[in-house]
Amino acid sequence: GTTILFASGRSGSIRPWMVPVAGGPAEMVDVALEGDFHLYWSPDGTQFAFDAYGPGGDPDLWRIPAQGGEPVPVSGQAGVGESAPAWSPDGETIAYTAGGAVWLVPASGGEARRLETGPGEAWHPVFSPGGESLLFTLDRGGNLDLWMMPVSGGETVRLTNDPARDDWGCWSPDGRTLAFQSDRDGADNIWLMDLENGTLAQATTGSGMNGGSFPHWSPDGTRIVFASQRAGEGSLWIVDVTSLLAALPP
């Protein structure tokens with residue numbers, strides 16, 4: 042929990058970068074590929090998964106040592122646009138989006154398995170802390186909400202139901218709370234939801250591009266890192282959510 046991994050175009054093209062949580066100079070990870078670089082740490086922190094353009098011109102999944110090196114392809118679904126990888130807690134599986142569906146593939150590479158999420162396009166999957174469930178965004182009828190389902194397959198459960206756009210959900214380390222990006226107050230901001238009773242709390246406030254997006258929890262579950270343009274340009278921010286979590290009804 043000492044380093045933040047993020048994507049930035051500060052070098053002229055989008056690349057993975059790392060910066061200490063305590064602050065300091067950012068360092069670029071040398072990756073000889075082009076792409077949007079949705080990034081996700083492996084559970085042991087020795088490598089990360091990402092999406093970048095492969096030989097066919099579509100986004101493919103890759104993994105690479107944290108210090109840089111030769112990217113290793115993870116999935117061979119050429120031409121379907123693989124993106125937004127997320128590692129399972131045991132390090133064995135990577136979930137990702139392709140063709141509006143959620144897929145699972147061995148982290149070492151191999152055959153991918155599609156999860157049947159029902160009508161609508163599914164995006165941005167992430168594993169629960171115990172690895173038994175997947176949280177994802179589902180576009181059903183033009184409305185983006187958060188849903189979950191067992192990794193083994195089965196019934197999907199709707200977690201949010203709002204005309205707003207709810208996206209980029211992520212579990213707290215203890216599995217009790219979700220953080221997600223929503224424009225339900227008129228601009229993209231970070232919200233928390235208690236999974237037991239559905240109670241909501243707003244973690245960031247801001248209008249236009251000055252709110253918050255792409256939340257990720259700290260390993261101890263007390264802080265959330267997010268992206269915002271509140272300083273005039275895209276940058277990373279950290280918000281302490283300890284008091285918000287304590288105020289959520291039991």
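The number in my numbering is simply the position in the sequence shown, starting from 1, with 41 added.
Even glycine gets a Cβ: it sits at the ideal position worked out from N, Cα and C.
All figures in this text were calculated on a predicted structure; none of them were measured in a lab.
DSSP, reduced to helix, strand and coil, places Asn251 within a helical segment of the structure shown.
In the three-state DSSP reduction, Ala228 falls in the coil class, being neither helix nor strand. Residue environment: Ser276 is assigned as exposed (fewer than 16 neighbouring CB atoms within 10 Å of its CB, all protein chains considered).
Beta-bridge partners assigned by DSSP to Thr158: none are found. The shortest C-alpha to C-alpha distance from Trp258 to any of Ser169, Thr201, Gly239 is the one to Ser169. Thr178: member of the beta strand (DSSP E) spanning 174 to 181, first to last residue. Between Gly194 and Glu157 the beta-carbon gap is near 6 Å, inside 8 Å, which marks them as a contact. Rounded to the nearest angstrom, the gap between the Cα atoms of Gly53 and Ala73 is 14 Å. Annotation for Ser284: the continuous alpha helix (DSSP H) segment containing it runs 283 to 288.
The criterion of a C-beta distance shorter than 8 Å is not satisfied by Ala220 and Ile279. If you check the CB distance, Leu80 and Ala127 do not come in under 8 Å. By the neighbour-count criterion, in which a residue is buried when 16 or more other Cβ atoms sit within 10 angstroms of its Cβ, Ser284 is exposed.
A direct Cα-Cα distance of roughly 12 Å separates Ala163 from Gly182.
The C-beta distance from Ala268 to Ser254 rounds to 5 Å, short enough to meet the 8 Å contact threshold. Per DSSP, reduced to three states, the secondary structure at Thr44 is strand.
Burial state of Asn202 is exposed, judged by a 10 Å Cβ sphere holding fewer than 16 other Cβ atoms. When rounded, the separation of the alpha-carbon atoms in Pro214 and Pro84 is 12 Å. Here Pro66 is exposed, its C-beta having fewer than 16 other C-beta atoms within 10 Å. Here Leu176 is not near Trp144, since their CB atoms are 8 Å or more apart.
By DSSP's assignment, Trp128 forms a beta bridge with Ile135. Between Ser129 and Glu123, the C-beta spacing is not below 8 Å. Taking 8 Å as the cut-off, the beta carbon of Gly109 is found no closer than this to the beta carbon of Tyr94.
Asn238 is classed as exposed because its beta carbon has fewer than 16 other beta carbons within 10 Å across all chains shown. Excluding the 5 residues flanking it on each side, Gly171 has same chain C-beta neighbours closer than 8 Å at Pro130, Gly216, in chain order.
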